[in-house]
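Undergrad: I'd like to ask some things about the structure below.
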Amino acid sequence: MSVGFGVDIGGSGVKGAPVDLGKGEFAEDRMRIETPQPSTPPAVAKTVAHVVEHFGKHAGSGPVGITVPAVVKAGVVRTAANIDSSWIGADADTLFRNALRREVHVVNDADAAGVAESRYGAARGSTGLVFVATLGTGIGSALLHDGKLIPNSELGHIELDGKDAELTAAARNREEKDLSWEEYADALQTYFARIEDLLWPDLIVVGGGVSKRSEKFLPLLHLRAPIVAAQLHNSAGIVGAAVTAAERSA
Ligand code: BGC
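The sequence shown begins at 7 in our numbering and counts up by one.
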């Protein structure tokens, strides 16, 4: 069994696990530690190290994939929509390499989820353009063409009616405003219809926690492309990080 290791850094938790790269599943139960507050780069790096150390020899010695909810260019974090602003400009590659003393690959969280769905989940074997949206606190996006990731697409921030799409179509908006599924589906319809007009994807995959309740809103959406729920649910970030690290270091 080929085993990798992935860590998913979110606003509330830092989660990690060894990953069976053949199956795209955790090889051990995942470990979760609360994200330190404030979530500065050095504090988060320490937490990531605790998560990896928890697994001892089961963490292996290969490259570790790490997600951040931000744009990552050549290992440097460039945005901070839902994380501490001190991440902007942080050299995450160097930070985590020093904290873990091993090879690391840092990747946007939605890109990791997209890669996981493409290798093991709802977009497995899909050709053409796949658009993956993760609906949570914000909206993450991943674009894959014939299985190859086009990184840092940030399509959760397109403008709809003069506002950032995240403000109306992220799952947080449904919870905070206590929207009915019909009302939330309306927001999603506007969002995905605009995405379709701009990109003409062949498949749309909806991820994030809310995808577990996809039967409540997917049937209400009318789009040209098939739109399906993600299959990896809350393992997508960790699995995607691990497979990204393995593929990049190969
Ligand atoms: C960020 C993205 C991230 C998404 C999901 C957005 O606000 O701009 O980089 O992928 O949230 O966490």
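Yeah, the Cβ is synthetic: ideal placement off N, Cα and C, and Gly gets one too. As the structure is a prediction and not an experimental result, all values here were calculated from the model.
Among the candidates L173, G17, S18, V25, whose CA atom is the shortest distance from the CA of M7?
TA: The residue given as residue 7 occupies position 1 in the sequence shown. For the residues L173, G17, S18, V25, the minimum Cα distance to M7 belongs to V25.
Undergrad: In angstroms, rounded to a whole number, what distance separates the CA positions of I244 and M37?
TA: Counting from one through the sequence shown, the residue named residue 244 turns up at place 238. Counting from one through the sequence shown, the residue named residue 37 turns up at place 31. In a straight line, the C-alpha of I244 is about 11 Å away from that of M37.
Undergrad: Give me the Cβ distance between T140 and A116, rounded to the nearest whole Å; I'm assuming they're in contact under 8 Å.
TA: On the sequence shown, residue 140 is found 134 positions in, with the first residue counted as 1. On the sequence shown, residue 116 is found 110 positions in, with the first residue counted as 1. The Cβ separation is near 5 Å, so the contact holds.
Undergrad: Taking Cβ positions only, does A199 come closer than 8 Å to chain B?
TA: Here there is only one protein chain, and chain B is not present.
Undergrad: What are the complete beta strand (DSSP E) segments, minimum 3 residues, inside the region 70-141?
TA: You should have 70-74, 110-114, 135-141.
Undergrad: Answer yes or no: do S147 and E165 have a C-beta to C-beta separation smaller than 8 Å?
TA: Residue mapping note: residue 147 aligns to position 141 of the sequence shown, counting from 1. Residue mapping note: residue 165 aligns to position 159 of the sequence shown, counting from 1. Contact: no.
Undergrad: Where DSSP assigns a beta bridge to E40, which residues make up the other side?
TA: Reading the sequence shown from its first residue, position 34 is the one you call residue 40. G19.
Undergrad: If I follow the unbroken beta strand (DSSP E) through V211, where does it start and stop?
TA: Position 205 of the sequence shown, counting from 1, holds the residue named residue 211. Run containing V211: 209-213, per the beta strand (DSSP E) assignment.
Undergrad: On the CB-based measure, 16 or more other CB atoms within 10 Å of its CB, does R230 come out buried or exposed?
TA: The residue labelled residue 230 in the question sits at position 224 within the sequence shown. Classification for R230: exposed.
Undergrad: Smallest Cα separation from E172: which of A191, D192, L149, G144?
TA: As a working mapping, residue 172 is identified with position 166 in the sequence shown. Nearest of A191, D192, L149, G144 to E172, Cα basis: G144.
Undergrad: According to DSSP, is E253 helix, strand or coil?
TA: Residue mapping note: residue 253 aligns to position 247 of the sequence shown, counting from 1. Helix at E253.
Undergrad: For the ligand BGC, is there a heavy atom less than 7 Å away from the beta-carbon of H163?
TA: Here residue 163 refers to the residue found at position 157 when the sequence shown is read from its first residue. H163: yes, Cβ under 7 Å from the ligand BGC.
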